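**Student:** If you read the sequence shown in the numbering used here, its first letter stands for residue 333, the second for the next number, and so on. Okay, handing you the structure first.
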Amino acid sequence: MYHSVGPFDEDMGDPISSVASVKIGRVLVVEEDLGSRRAILSYLVDRQCSPMGCGVADVLRHLRSQSFGLITLNMRLGAVDGVDMLRQIRTLSDVPVILYADGPQADGDRIIGLELGADDVLSGPLNPDMLLARARAVLRRQELGRDVIACLRGGYAFRGWELCNATRELKAPDGADVSLTKREYALLVALLASPGRTLSRLHLMRATRTQEDVYDRSIDVQILRLRRRLESHPSGRGLIRTERGVGYALDAQVETLF
Numbered sequence: 333m334y335h336s337v338g339p340f341d342e343d344m345g346d347p348i349s350s351v352a353s354v355k356i357g358r359v360l361v362v363e364e365d366l367g368s369r370r371a372i373l374s375y376l377v378d379r380q381c382s383p384m385g386c387g388v389a390d391v392l393r394h395l396r397s398q399s400f401g402l403i404t405l406n407m408r409l410g411a412v413d414g415v416d417m418l419r420q421i422r423t424l425s426d427v428p429v430i431l432y433a434d435g436p437q438a439d440g441d442r443i444i445g446l447e448l449g450a451d452d453v454l455s456g457p458l459n460p461d462m463l464l465a466r467a468r469a470v471l472r473r474q475e476l477g478r479d480v481i482a483c484l485r486g487g488y489a490f491r492g493w494e495l496c497n498a499t500r501e502l503k504a505p506d507g508a509d510v511s512l513t514k515r516e517y518a519l520l521v522a523l524l525a526s527p528g529r530t531l532s533r534l535h536l537m538r539a540t541r542t543q544e545d546v547y548d549r550s551i552d553v554q555i556l557r558l559r560r561r562l563e564s565h566p567s568g569r570g571l572i573r574t575e576r577g578v579g580y581a582l583d584a585q586v587e588t589l590f
């Protein structure tokens with residue numbers, strides 16, 4: 333059983349004042365079942381986290397008015413599907429999101445969750461220790477990614493495209509700006525750093541700070557999303573080549589910018 337404490341929750345009275353400040357930051361726990369929500373909040377407070385709980389109806393309101401370092405989101409929220417909620421979250425924020433199902437989950441649901449921007453997807457009976465470990469891993473990868481990007485200068489030019497490392501801006505040959513998520517940017521940089529070379533999924537997982545024990549198809553989903561970004565312009569078609577059973581390669585000459 334979880335130790336019973338009183339973290340801040342709209343349904344749980346006054347906020348706790350003795351929660352230690354930790355690197356994991358403020359966590360928004362989105363769970364419709366009040367008992368499950370209380371258990372997760374209590375567990376996180378016991379581990380020196382600073383959680384806040386709410387139901388699905390209040391998620392967007394909290395995102396507009398407060399800052400969070402992480403969101404945990406149940407995929408089964410009753411009247412509102414968790415995937416739909418994730419889609420709405422991504423219209424407002426790129427805060428890391430961990431989806432969990434607290435029960436069996438089809439591979440298709442996991443793929444959809446990752447494609448829509450979830451940072452990790454858990455299935456099976458909810459294990460709070462695993463949830464916290466995955467949360468820390470997601471935030472650790474995010475921090476490492478920020479450190480790497482901060483050290484980068486210059487950029488790359490390829491087939492009329494230009495990528496600026498300092499600003500993470502990608503410009504198409506016609507001058508149009510193409511937005512990239514952090515993972516898409518890291519994936520493109522990995523491909524640009526080794527043009528013409530086929531990179532394995534494991535190599536790309538490491539380059540994008542994806543956990544190596546995460547569902548392997550997550551890299552394929554990220555490639556698919558990056559391809560769609562590039563192929564929205566004619567010159568982006570065929571840039572990323574698939575080597576069946578091996579990995580992916582960038583099919584273009586690349587010039588390094590300084």
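Just so it is clear, CB atoms sit at the ideal spot from N, CA and C, and this is done for glycine as well. Treat the numbers as computed from the prediction; the structure is a model and nothing was measured.
#1: Excluding sequence positions up to five away, which residues of its chain have a Cβ less than 6 Å from the Cβ of glutamine 554?
#2: With a Cβ-Cβ cutoff of 8 Å, do isoleucine 403 and valine 427 count as a contact?
#3: Measure the alpha-carbon distance for aspartate 434 versus aspartate 416 and round it to whole angstroms.
#4: Quick check on glycine 492: does DSSP put it in helix, strand or coil?
#5: What is the residue span of the alpha helix (DSSP H) that isoleucine 356 lies within?
#6: Give the range of the alpha helix (DSSP H) segment to which arginine 422 is assigned.
#7: Rounded to whole angstroms, what is the Cα-Cα separation between isoleucine 551 and glycine 579?
#8: Using only the alpha-carbon positions, how far apart do tryptophan 493 and threonine 423 sit?
#9: Just to confirm, are glutamate 364 and valine 388 a CB contact at a threshold of 8 Å?
#10: What do you get for aspartate 439, buried or exposed, if any count of 16 or more other CB atoms within 10 angstroms of its CB means buried?
**Tutor:** Quick answer:
#1: Arg515 and Leu519
#2: yes
#3: 17 Å
#4: coil
#5: Isoleucine 356 -> no alpha helix (DSSP H), and no H or E assigned at all.
#6: 414-424
#7: 10 Å
#8: 26 Å
#9: yes
#10: exposed
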